[in-house]
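Asker: Residue numbers (the numbering used here), protein chains in the order written: chain S, 206 to 564; chain Z, 431 to 845; chain L, 4 to 595.
Below you'll find the structure I mean.
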Amino acid sequence: MAETVGLKARRAGRLSGVDAFLWLVRVVALVAVAWGSYKSISSGRLTAAQWRGLIVAGVSQGAVYALVALGYTMVYGVLRFINFAHGEVFMAGSMMGFFVADGLSGTAMWTSLPYVALLIALLAAMATSTSISLVLERVAYRPLRGLPRLVPFITAVGASFFLQYTFAGLFGADSKAYPPVEVLKGGFTIVGFRFGRTQTLVIVATIVMMIGLYLFVERTKAGRAIRAVSEDQEMASLMGINVDRSIALVFAVGGAMAGAGGLLYGLTFGQVDFLSGFTVGIKAFTASVLGGIGNPVGAMVGGLVLGLIESLGPSLVLFGLGVPSAHQLQDVVAFLALVMILIFRPTGILGERLAEERA
Amino acid sequence: MSKPRWLVSIALFGALALVAAACGEEEAAEFQPGPLGAVTVEPGAPIKIAVFESLSGDTASLGEDQLRAVQIAVDDKGGELLGHPIEIVELDDGCAAEQGTTGAQRIVADPQIGGVIGTSCSGAAIPAMEILSEEGFTMISGSNTSPLLTSIAGEEATAHLPGYFRVAHNDEIQGAAAANFVFSELGVTKAATIHDGDPYTEGLATAFGASFEELGGEVVLATSVGVDQKDMKPVLTEVAAAGAELVYFPIFQPAGDFIAAQAKEVAGLEAAVLMGADGLLSDTYVELPQTEGMYFSGPASPTGSDYAEFVGKYEAQFGEKPIQAFHAHAYDAANVLFAAIEEVAVQEDDGTVHIDREELRNAVAATSGFQGLTGTITCDEFGDCADPKIDVVQNTEAEKTIDQVRANVLYTFEP
Amino acid sequence: MAEAVQTDLREELLPAREVDLRRSVRVGLLGGLTAVFISAVGMVQSFDEAGLVVGPLSFGDLLLLAVPFVFGVLAGHPPPVLTGFAEPTSGARNVIAGGVAGLLTGVVIGVFVALVDTFDVRDIFTRISPELLDILTYGQTLAVGILIGLVADVILGLAGGASQLLGERWRRPLFWALLVVVMLGVLEALVSQILRGARLDRVQDALYAPTGELRLPSAIAIGLGLFGLGLWLRDQPRAVRQRIGAMEAERRRLVTAGALVALVAVLGILPWVLGPFLTEVLNIAGIFLLMALGLNIVVGLAGLLDLGYVAFFAVGAYTTAVLTSPASQAFSPELSFWVALPLVMLAAVAAGLLVGTPVLRMRGDYLAIVTLGFGEIARILFLSDALKPTFGGAQGILKIPDIAIGPIEFRGPELFFYAILAFALLAGYMVYALQDSRIGRAWMAMREDESVAEAMGVNTVAAKLWAFVIGAMLASFGGALFAVKVGSVFPSSFNVIVSFTVLIIIIIGGMASIPGVIVGALILVALPELLREFQEFRFLLYGALLIVMMLRRPEGLIPSRRRARELHEEEVVQDARLRAQAAEASATASGE
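Here it is in structure tokens:
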């Protein structure tokens, strides 16, 4: 009796030291953000139009993150496993989008029916990403289900490298420049916010796909099966659901979304190379954690929030704190956001949706 | 094998090797090398020349172009020097400091290397020279332009070390050329500069800024981006906020691609003029649609029948016209090196050649009035040997190949 | 009825599981795809430029031909014999299976060659060039080339399958003999240098032609010799181990001590034997080894998957640079290396705590990603303009002085080797000591199951922080040595690839196992440095290797026995299940 009390007291003592430190971190972060923002805005360095430009850029970038985050979040929700190679699935889609766009750019369709051409590129990108995602699941992940979680994670890391350098070997290590799309040049202004055509396409496409995904997961039988498997794998299989097939479907859908994200990314930045998947992958995972892992809506919210944090962070907070060349620290801001969210609210903005952990 | 047995055999082998090494013969040398040592080339063995250029990544065209030029120089010498074949040892400088270091270490590990033509990028040359200079090597670059490697305003610069020479211009001159063009010809008074941290880009941006302010202009913002940075909106927003009329970004690809593409989309920069430098004067850059209308400063293309002959040889051997701006400089660098080797080499009757490293350095340093493709080459006390001539060109809609762009000269600066 | 089945099991073995020919078809197709893959990625072409053995076949050809052989071996391999099943008879079936696989490989390659010949895909697949086509058709016309390939592949497949007929006794030595011969061919530069350095020029000349390829008669002679040696020495390891085990403790300790002394003596003269370039390679491997020993503690012992280990490496390197180099701008005390070292350790402790504290509560996977983020943050900060006055930004810090003890400067790879050796031995000893200590056991308990460990009274907070701090210290030693070796620090050197390389070393070498880590460092760092052709495909192979290792042997090449047991417990369960299934199947087949 006395022992357990002593144990509890010791534990409490240990933890309160850590807790105190974490509270300190929270306070420092909040103060820094508040102070930095106040100084930046009051300095009047950026015009309102420029702020709005940053906001739109953040939303557009965030949309891409959201699409890729979907893959991470769904796989984690079902398998409690970070598909580290998902970034490369995204890159593959982007590359395929490039090849199709490049191939079509010489034809008449590119100038007369550009949207059809883009749609073809989109479908090709999505198909490629889906296939690679499925192959990964079948070959590298499925045989390792049940092993200590370190093992499939390492496999995913290996797969990530393998895919990166396969693409580098097959297609060359140089950056691939997307052909210019005439119809996507220029933009328009709504309520004072200037939206480039490309940015609009990205945002609209993301919304459409999100809606499609939502309907799929909520309304269709396959989607219900996925949700069942997310809740409790063993129970679902007892109910007659083919767990393997559902999991494969999760990978497929995640891959498709990432492929779409890849094409949109390519259109936004105009180029892609074999390393593009790495940073986008980490950030997309950050987005899914931000929004609440396992939760598809969370992925969208997380993506948006991360995009905005990344876009506004340096100019809004860091500049005000007196950091020179703050824009160089954009990625630092994104990663710190991940750390902060895991300290402030580990379950994410909208809360997690994870499978039952069987003892 | 079992552990003890394996260990015993290794130990025995090691002991044997040590004994053998100790009992080896000494070779008596009649030729006395100087304080920095010498290269001894046996009869039949090749004279090795290291070509230390950017052979991979986005700056590969810069290095490849120069490597080809050196190959042509070797061919023009009949592939041999002083009766020995010339062997080119290729090394990749990766346009980065780290590879500059590892490449230099590889060079000094091979005492048979007589001289080095390289590097492509100033950022690789600075750490490379730390190692190469120490070991007595001579390096002549065809495309390093950072003032830090030789002299700034007539004074020795921080990264200057003995043994370093270059046939390319000092960027102080290019900075002045660009500034003059921008101020006098374009009438711009507010400019922003963007570099990427590499000594070449930073040196040039700084030189431009200094000259521009001397002329009466104002550098509203001097900042930098990362070499693999993709999102340029934040930095360009800062540039717009500072009120720049022109953005001078003497950097490389792919960062240059993103700046050019995204500048137009930033509120406040729609009408800004974009200008790059020789790092961006490559075929892969000027064919991008976003670079239309951009100005570039860079070394003037050589003229004359000798050059035309060179281009002919280049095209015949490699199937295309020269792909970057420094091939002629590399060709001249190689020839300067060959001439110096021929001057200082001591030949024995059996064909053995000794090349004293210190004398080689002095010979290159004493180069004066050497007629090359790029002009008259004379080395000053800090290693600048070039006959500088800077052109400012423009990439208008009609001009889309690199030759056409380089031929579209709007302004020439020759101090 | 149940009793009848029971007796069957006890008296009679279940029918053997034979080589499946349908599986051979699949294996063959996979082989063909592999061959196409390595061609398309450019490996065949890159390797083609190097020669292996004097003869009409280049390295590229040999690489291609190795594929049907390897897949023939795989196809001819009988399925694993589970207890209770009869042993399959080896015979024609194995050989045929190999041949089938070889045939299919050849067919796939043939189709690929035909396609490549018809369509020019160089715009997309940059490596599929006319040169490649030439290699694939062995320099002949299209039809003849495909035919030759087909025939060769079938023969090699048959050979591969036939190799399964040899008992385990024979196959092992054969495999090792082949491997050593190939290594001798591939590492020609290294071996030549050693031989020439030892004044064994005649041996060098006997082995290698002037072009650098192995002479065929020498290759065969060495191969056969090694094969014989291998056969003879097959049982020796076990015999020696038994002998050592049978010795009394006192003698055993003497023998172990003696072995260690011999090892250190060899290491002592190694740099002079190998020459500057090769010693340099060992130095690089040594620094990675140092880091791997550190990461071994964090990942292997404590079970914390740190993917941002490079951050500590960078902290060590930059602290050393700032403290010792005269070129460091803001703050330039120009201390000697040894005076700076304790400060470097301090910085590492601080970094370890900084990284460890926020992640204390995080789940394993989150911990991985967050630490990855920290690694990137470190690199970006060292690169940034904001910290440029102290850390030099993109230009880094130059002119870092060499380590000196009194008047002796450790300049040059050979002398530097001793510095690295000293630190590596120290680190090795630390890991060895920690494994059996209280904290080591606390880590292992935490690794197994954190909540249970907490309940048992283990202070997981302290344990985690200790793991990070000690890991950081070892990495910072690596960083300090790296900074001195290169003479300068640049932020581009401290990227995520370094973290991954160190991780791969301990994963593939064997986690929580010191010899495993050493082997890992040699194979994964030293070897690629020596093989120029490999450089391009280094990470491709790393990735593939990781995947294959995780699927087959997740505990690594030389694992600690604990790990191996932990990771294979599933198979014991599976074994029992398969047996029960087969028993049922045969019971129903034989009719009830």
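C-beta atoms are modelled at their ideal positions from N, C-alpha and C, and glycine is treated no differently.
Across the region 402-420 of chain L and the region 480-492 of chain L, are there enough close Cβ pairs to call them in contact, namely three or more that are closer than 8 angstroms?
Answerer: yes
Asker: Just checking: is the beta-carbon of Z/SER654 within a distance shorter than 8 angstroms of some beta-carbon in chain L?
Answerer: Translated into the one-based positions of the second sequence, residue 654 of chain Z becomes position 224. Chain L contact via Cβ: present.
Asker: Could you list which residues in chain L have their beta carbon closer than 8 angstroms to that of S/LEU543, in chain order?
Answerer: Along the first sequence, one-based indexing puts residue 543 of chain S at 338. What S/LEU543 touches in chain L: ILE372, VAL373 and GLY376.
Asker: Could you name the residues of chain S that L/PRO494 contacts, counting a contact when the two beta carbons are closer than 8 angstroms?
Answerer: Translated into positions along the third sequence, residue 494 of chain L becomes position 491. Within 8 angstroms Cβ-Cβ: nothing; L/PRO494 doesn't reach chain S, min ~11 angstroms.
Asker: Hey, S/VAL434 and S/VAL283: beta-carbon distance below 8 angstroms or not?
Answerer: Residue mapping note: residue 434 of chain S aligns to position 229 of the first sequence, counting from 1. Residue mapping note: residue 283 of chain S aligns to position 78 of the first sequence, counting from 1. Yes, they are a contact pair.
Asker: In its own chain, which residues sit with a C-beta less than 8 angstroms from the C-beta of Z/ALA468, not counting the 5 before and 5 after it?
Answerer: Position 38 of the second sequence, counted from the first residue, corresponds to residue 468 of chain Z. Correct list, in chain order: PHE461, HIS784, ILE785, ASP786 and ARG787.
Asker: Buried or exposed for S/GLN266, going by 16 or more other Cβ atoms inside 10 Å?
Answerer: Position 61 of the first sequence, counting from 1, holds the residue named residue 266 of chain S. By the neighbour-count rule (16 or more Cβ atoms within 10 Å), S/GLN266 is buried.
Asker: Measure from the alpha carbon of Z/GLY493 to the alpha carbon of each residue in Z/THR588, Z/ALA554 and Z/ARG536, then state which is nearest.
Answerer: Taking the first residue of the second sequence as 1, we reach residue 493 of chain Z at position 63. Among Z/THR588, Z/ALA554 and Z/ARG536, the Cα nearest to that of Z/GLY493 is on Z/ALA554.
Asker: State the DSSP-derived secondary structure class of S/SER530, mapped to helix, strand or coil.
Answerer: As a working note, residue 530 of chain S is residue 325 in the first sequence. In the structure shown, S/SER530 sits in coil (DSSP, three-state: anything other than H, G, I, E or B).
Asker: Counting along the chain, where does the alpha helix (DSSP H) carrying L/GLN196 start and finish?
Answerer: Mapped onto the third sequence, residue 196 of chain L falls at position 193. That run of the alpha helix (DSSP H) goes 191-200.
Asker: Z/GLU528 touches chain L at which residues, Cβ-Cβ below 8 angstroms?
Answerer: Looking up residue 528 of chain Z in the second sequence gives position 98. The contacting residues are VAL489, PHE493, SER495 and SER496.
Asker: Given a threshold of 16 other Cβ atoms within 10 Å of its Cβ, counted over all protein chains shown, does L/TRP469 qualify as buried or as exposed?
Answerer: For this step, residue 469 of chain L is matched to residue 466 along the third sequence. By the 10 Å Cβ count, L/TRP469 comes out buried.
Asker: Taking only beta carbons into account, state which residues of the region 302-329 of chain L come closer than 9 angstroms to chain S, listed in chain order.
Answerer: VAL302, GLY306, LEU308 and LEU310
Asker: With three or more C-beta pairs closer than 8 angstroms as the rule, is the region 374-385 of chain L touching the region 539-553 of chain S?
Answerer: Contact between the region 539-553 of chain S and the region 374-385 of chain L is present, because at least three Cβ pairs lie under 8 angstroms.
Asker: Across the region 724-734 of chain Z and the region 826-843 of chain Z, are there enough close Cβ pairs to call them in contact, namely three or more that are closer than 8 angstroms?
Answerer: yes
Asker: Taking Cβ positions, are Z/ALA480 and Z/VAL538 nearer each other than 8 angstroms?
Answerer: By one-based count along the second sequence, residue 480 of chain Z stands at place 50. By one-based count along the second sequence, residue 538 of chain Z stands at place 108. Cβ atoms of Z/ALA480 and Z/VAL538: not closer than 8 angstroms.
Asker: Using the three-state DSSP reduction, which class does S/ARG285 fall into: helix, strand or coil?
Answerer: Mapped onto the first sequence, residue 285 of chain S falls at position 80. Looking at S/ARG285 - three-state DSSP - the assignment turns out to be coil, as it is neither helix nor strand.
Asker: What residue ranges within the region 11-57 of chain L form continuous alpha helix (DSSP H) runs of no fewer than 4 residues, ordered along the chain?
Answerer: 24-44 and 46-51
Asker: So is L/ASP452 in contact with chain S if we call contact Cβ pairs under 8 angstroms?
Answerer: By one-based count along the third sequence, residue 452 of chain L stands at place 449. So no, L/ASP452 is outside the interface.
Asker: Mind pulling the beta strand (DSSP E) runs of 3 or more residues that sit fully within the region 540-627 of chain Z?
Answerer: The qualifying runs are 543-548, 569-571, 594-596 and 620-625.
Asker: Check distances from the C-beta atoms of the region 452-479 of chain S to those of chain L and list, in chain order, the residues that come in under 8 angstroms.
Answerer: none
Asker: Figure out for me which residue from Z/ALA670, Z/GLY639 and Z/PHE688 has the closest Cα to the Cα of Z/GLN659.
Answerer: Residue 659 of chain Z sits at position 229 when you count from the first residue of the second sequence. Nearest C-alpha to Z/GLN659: Z/PHE688.
Asker: Return the Cβ separation of Z/SER576 and Z/HIS590 in integer angstroms, given the expectation that the two are a contact with Cβ distance under 8 angstroms.
Answerer: Counted from its first residue, the second sequence places residue 576 of chain Z at position 146. Counted from its first residue, the second sequence places residue 590 of chain Z at position 160. Between Z/HIS590 and Z/SER576 the Cβ distance is about 11 angstroms, and since that is not below 8 angstroms, they are no contact.
Asker: One question on the structure: do L/VAL124 and L/GLY35 come within less than 8 angstroms of each other, judged by their Cβ atoms?
Answerer: Looking up residue 124 of chain L in the third sequence gives position 121. Looking up residue 35 of chain L in the third sequence gives position 32. Contact: no.
Asker: Which residues does DSSP pair with Z/TYR678 in a beta bridge?
Answerer: The residue labelled residue 678 of chain Z in the question sits at position 248 within the second sequence. According to DSSP, Z/TYR678 bridges with Z/THR623 and Z/MET705.
Asker: Secondary structure at L/TYR211, three-state DSSP: helix, strand or coil?
Answerer: Position 208 of the third sequence, counting from 1, holds the residue named residue 211 of chain L. In the structure shown, the three-state DSSP call for L/TYR211 is strand.
Asker: Please report whether the beta-carbon of S/GLY499 lies at a distance below 8 angstroms from any beta-carbon of chain L.
Answerer: For this step, residue 499 of chain S is matched to residue 294 along the first sequence. No, S/GLY499 lies away from the interface with chain L (no Cβ there is under 8 angstroms from its Cβ).
Asker: Would you verify that the beta carbon of L/ARG580 is, or is not, closer than 8 angstroms to some beta carbon of chain S?
Answerer: As a working mapping, residue 580 of chain L is identified with position 577 in the third sequence. For L/ARG580, the answer is no, since every Cβ of chain S falls outside 8 angstroms of its Cβ.
Asker: Which class does L/SER61 belong to by DSSP, given the choice of helix, strand or coil?
Answerer: Taking the first residue of the third sequence as position 1, residue 61 of chain L is located at position 58. Under the three-state reduction of DSSP, L/SER61 is assigned to coil, being neither helix nor strand.
Asker: Can you list the residues of chain S that Z/GLY698 reaches, using a CB-CB cut of under 8 angstroms?
Answerer: Counting from 1 along the second sequence, the entry for residue 698 of chain Z is found at position 268. By Cβ distance, chain S contributes THR252, ALA254 and GLN255.
Asker: Within the chosen definition, does the region 99-109 of chain L reach the region 130-147 of chain L through at least 3 CB pairs nearer than 8 angstroms?
Answerer: no
Asker: What is the DSSP secondary structure of Z/ILE785, reduced to helix, strand or coil?
Answerer: Here residue 785 of chain Z corresponds to residue number 355 of the second sequence, with the count starting at 1. In the structure shown, Z/ILE785 sits in a strand (DSSP, three-state: E or B).
Asker: In whole angstroms, what is the alpha-carbon distance linking Z/LEU578 and Z/ASP601?
Answerer: Locating residue 578 of chain Z in the second sequence gives position 148, where the first residue counts as 1. Locating residue 601 of chain Z in the second sequence gives position 171, where the first residue counts as 1. About 9 angstroms.
Asker: Can you check whether the CB of Z/ALA672 is closer than 8 angstroms to the CB of Z/VAL696?
Answerer: As a working note, residue 696 of chain Z is residue 266 in the second sequence. As a working note, residue 672 of chain Z is residue 242 in the second sequence. Result no, Cβ atoms of Z/VAL696 and Z/ALA672 do not sit closer than 8 angstroms.
Asker: Can you find a CB in chain Z that lies within less than 8 angstroms of the CB of S/PRO319?
Answerer: Here residue 319 of chain S refers to the residue found at position 114 of the first sequence. Judged by the 8 angstroms Cβ criterion, S/PRO319 is not in contact with chain Z.
Asker: Could you tell me whether the region 18-31 of chain L touches the region 76-84 of chain L, where touching means 3 or more Cβ pairs closer than 8 angstroms?
Answerer: Segments in contact, yes.
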